[in-house]
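Asks: Residue numbers (the numbering used here), protein chains in the order written: chain A, 0 to 337; chain B, 125 to 525. Just so it is clear, CB atoms sit at the ideal spot from N, CA and C, and this is done for glycine as well. Can you keep this structure in mind? I'll have questions shortly.
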């Protein structure tokens, strides 16, 4: 762990001293023929490798969508697994082009890291998981509990705030990776495991007896998770931002992986604009006219990606909730593509 | 006019030439200066470039963040700390936790190492094989694996707080650690402490007096009854006068865990045990080598004087072996200190975990934080080796070498 951080820091120092900020991410990626995408070290539903080394998850699909839009090839991606504490250094040092790793959007991260959030892939919130046998029904009954947490996350800060605000004592045991934290929780070192609630459901699947554990009803924080890019390249920022918006727009317009070719033949003005049969919106972004078609063909619309990775079609079975489209009472809303 | 004595060449210039130029003379010095200038220029270029680029990319830089409030908690702190304290405080907490585990680890590693080495050298077949087995088993397994083993094995074996193993209802053992009654100072504590300190100082003086009497005049003085009175008797008398010096706060099961009492967290235990047993295996070999380096005639001389094996080792062999032992022993101490950064794997809040880990990712100021962390390890290592050098120097002097 330490060695990775050290190496990244040295790379950061070296990268920063080499030359001025590279403002040509798009060109670099095209020349290289490869998108370098920072993901987690294994969080089912968001980004995790299977036994053959194929990455899946909603964060991974964002990477795939970007690769489809830029390179028209979803296999030309180098996934870089990063721990919570190494992720920003990897982005700053230029090792990755985009960080799509369940990262919470906060003002301090947006301003002091030399990076920008491009949008929200998943609206999350922090929760607690306990063993059923403890017979705890609310997070307010957790006074004097021991809590396992992954270090270097907003989770750790919310935890401190929550217990302080409710005048409860607790003991925090912070681990370098989520797997170590889960293992300690399972072995009984902690009463409680805390993480973003989507992460709790995903981690619960890794436990020996998932049914012995419950997620408490309290959601103690806002955790909008989204991709991040380096400062200083507005074109690249736009591309990553609008890739996600394109997925949301596609769902709104009912464009799916299956019907996208058919939709492209439609003469509805909005569909023609979005799918590039009319106008040059894609070219303005520095991409091709059919950028949305490429994205949807690669990963489907936002709803399809959600269902496949975290929703009804996945082992996690998380309901859409606030991640539904704004037209269906959720928060996912894309500015118009026009 | 007599012949003037030739002016002696400038001492300083000569020394400089020898130090920098070596055999190459002034040419060598010139090359060194050019090289030094290039190095300095590169360093300047790297630093100033990094600084401008950090600025243009709006990455926060500088040490101002140390004054910001950290707002996360740490589960073992030697100084009072809460989430509203600053990052600098977190830094101190981390440094102290690292030092604590290093010092305790070094102590136990040395003790275990010496014991194992003596076992291995023992004439008893069984004891020497057990010593050999220990060394071979421990030093050939990766340290991280051993620490995880201790952590997960210790945890798996211990019960939950509500089923704690209790020892006379005072000390409790569970998977949250060892809970012991915590001492609370009473009014009688200060006089007790003063008398105890005086007793210890007086005993030490007595000891050195007795030693001198033995070595200089050949008089053996029996001092242990006096020492006993000084260290145990007198402080007991003060408790009669001033009342108990301390009372204990007893741990009680409340909610999820024990409230009251002091607690040693399992992360600390696992890390200390892992580090000290691992390093002990190396120390044992160093000590064995040191002892074997002393000529066996010394051992025989001891026995022919009628000294027991233990006394021969203690008085004759080990003091001579120390000269060989100290330099590689220092290496092991430094290794142990640096290896303590494996703490992050088991959630022990050492410097790397709370500062180069949590603080780094909360502030994103990698360059500053990594530099500070490296500085601490460097400083600790330099101090350790300085102390060991002084010890080695004194040892050599006392052996007249």
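Roughly how many whole angstroms lie between the Cα atoms of residue 337 of chain B and residue 246 of chain B?
Replies: 34 Å
Asks: Taking residue 280 of chain A as part of the beta strand (DSSP E), name the residues at either end of that continuous run.
Replies: In the DSSP assignment, residue 280 of chain A falls outside any beta strand (DSSP E) and within the unbroken alpha helix (DSSP H) covering 280–283.
Asks: I believe residue 77 of chain A touches residue 35 of chain A by the beta-carbon criterion, under 8 Å. Please report the beta-carbon distance rounded to the nearest angstrom.
Replies: 5 Å
Asks: Just checking: is the beta-carbon of residue 174 of chain A within a distance shorter than 8 Å of some beta-carbon in chain B?
Replies: yes
Asks: For residue 230 of chain A, count the other beta carbons within 10 Å of its own beta carbon; 16 or more makes it buried, fewer makes it exposed. Which is it?
Replies: buried
Asks: Between residue 147 of chain B and chain A, is any beta-carbon pair separated by less than 8 Å?
Replies: no
Asks: How about residue 233 of chain A: is its C-beta nearer than 8 Å to some C-beta of chain B?
Replies: no
Asks: Are any of the Cβ atoms in chain A nearer than 8 Å to that of residue 181 of chain B?
Replies: Yes, its Cβ sits closer than 8 Å to a Cβ of chain A.
Asks: What residues of chain B sit near residue 87 of chain A, judged by a beta carbon separation below 7 Å?
Replies: 485, 488
Asks: Take the Cβ of residue 286 of chain B as the centre, count every other Cβ of all protein chains shown within 10 Å, and call the residue buried at 16 or more, exposed below.
Replies: exposed
Asks: When the distance is taken between beta carbons, is residue 261 of chain A closer than 8 Å to residue 301 of chain A?
Replies: In this structure, residue 301 of chain A sits away from residue 261 of chain A, with a CB-CB distance that is not shorter than 8 Å.
Asks: Residue range of the alpha helix (DSSP H) that residue 494 of chain B falls in?
Replies: Secondary structure note for residue 494 of chain B: its alpha helix (DSSP H) is the uninterrupted segment 490–522.
Asks: Any beta-carbon of chain A closer than 8 Å to the one on residue 468 of chain B?
Replies: yes
Asks: Could you give the distance in angstroms between the alpha-carbon of residue 61 of chain A and the alpha-carbon of residue 204 of chain A?
Replies: Answer to the nearest angstrom: the Cα atoms are 23 Å apart.
Asks: Using 8 Å as the threshold, is the C-beta distance between residue 286 of chain A and residue 66 of chain A below it?
Replies: no
Asks: In terms of residue numbering, what span does the beta strand (DSSP E) encompassing residue 163 of chain A cover?
Replies: Unbroken run through residue 163 of chain A is the alpha helix (DSSP H), 153–164; no beta strand (DSSP E).
Asks: Quick one, which of B/428, B/410, B/464 has its alpha-carbon nearest residue 226 of chain B's?
Replies: Out of B/428, B/410, B/464, the CA that lies nearest to the CA of residue 226 of chain B is found in B/464.
Asks: By how many angstroms is the C-alpha of residue 39 of chain A removed from the C-alpha of residue 349 of chain A?
Replies: Residue numbering for chain A in the displayed model covers 0 to 337; residue 349 of chain A lies beyond these limits and cannot be assessed.
Asks: In whole angstroms, what is the alpha-carbon distance linking residue 254 of chain A and residue 269 of chain A?
Replies: 12 Å
Asks: Here's the rule I'm using: 16 or more other beta-carbon atoms within 10 Å means buried, otherwise exposed. How should residue 335 of chain A be labelled?
Replies: Looking at its Cβ environment, which holds fewer than 16 other Cβ atoms inside 10 Å, residue 335 of chain A is exposed.
Asks: Are the region 192–208 of chain B and the region 478–490 of chain B touching by the rule of at least three beta carbon pairs closer than 8 Å?
Replies: yes
Asks: If you measure from the beta carbon of residue 474 of chain B to each beta carbon in chain E, is any gap under 8 Å?
Replies: Looking at the structure shown, chain E is missing, and the protein chains on hand are A and B.
Asks: Using the C-alpha atoms, what's the distance from residue 330 of chain B back to residue 455 of chain B?
Replies: Between residue 455 of chain B and residue 330 of chain B, the alpha-carbon positions lie close to 36 Å from each other.
Asks: So what does DSSP say about residue 418 of chain B, is it helix, strand or coil?
Replies: coil
Asks: So with Cβ pairs under 8 Å, would you call residue 197 of chain B a contact of chain A?
Replies: yes
Asks: Using a C-beta cutoff of 8 Å, does residue 319 of chain A count as contacting chain B?
Replies: Among the CB atoms of chain B, none fall inside 8 Å of the CB of residue 319 of chain A.
Asks: Using the rule of at least 16 other Cβ atoms within 10 Å of the residue's Cβ for burial, across every protein chain shown, is residue 64 of chain A buried or exposed?
Replies: buried
Asks: Write down every uninterrupted run of the alpha helix (DSSP H) in the region 291–319 of chain A whose length is 4 residues or greater and which is fully enclosed by it, in chain order.
Replies: 301–308
Asks: What number of angstroms, rounded off, separates the C-alpha of residue 314 of chain B from the C-alpha of residue 221 of chain B?
Replies: 28 Å
Asks: Could you tell me whether the Cβ of residue 212 of chain A comes closer than 8 Å to any Cβ of chain B?
Replies: Not one chain B Cβ lies under 8 Å of residue 212 of chain A.
Asks: Return the CA-CA distance between residue 514 of chain B and residue 507 of chain B, expressed in angstroms with no decimal places.
Replies: 11 Å
Asks: Which residues bound the beta strand (DSSP E) around residue 169 of chain A?
Replies: 169–174
Asks: Using the Cα positions of residue 20 of chain A and residue 260 of chain B, report the straight-line distance between them to the nearest angstrom.
Replies: Caution is warranted here: a pLDDT of 47 is assigned to residue 20 of chain A, below 50, making its placement in the model unreliable, and the coordinate value is therefore given only provisionally. The alpha-carbon atoms of residue 20 of chain A and residue 260 of chain B are separated by roughly 52 Å.
Asks: Which partner residues of residue 195 of chain A appear in the DSSP bridge assignment?
Replies: DSSP, once it has assigned bridges, lists A/125 as partnering residue 195 of chain A.
Asks: Is DSSP giving residue 20 of chain A helix, strand or coil here?
Replies: The predicted model places residue 20 of chain A with a pLDDT of 47, which falls under 50 and marks its position as unreliable; any figure quoted below should be read in that light. Note: residue 20 of chain A maps to coil in three-state DSSP.
Asks: Can you tell me the Cβ-Cβ gap for residue 405 of chain B and residue 263 of chain B, rounded? I've got them flagged as a contact below 8 Å.
Replies: 4 Å
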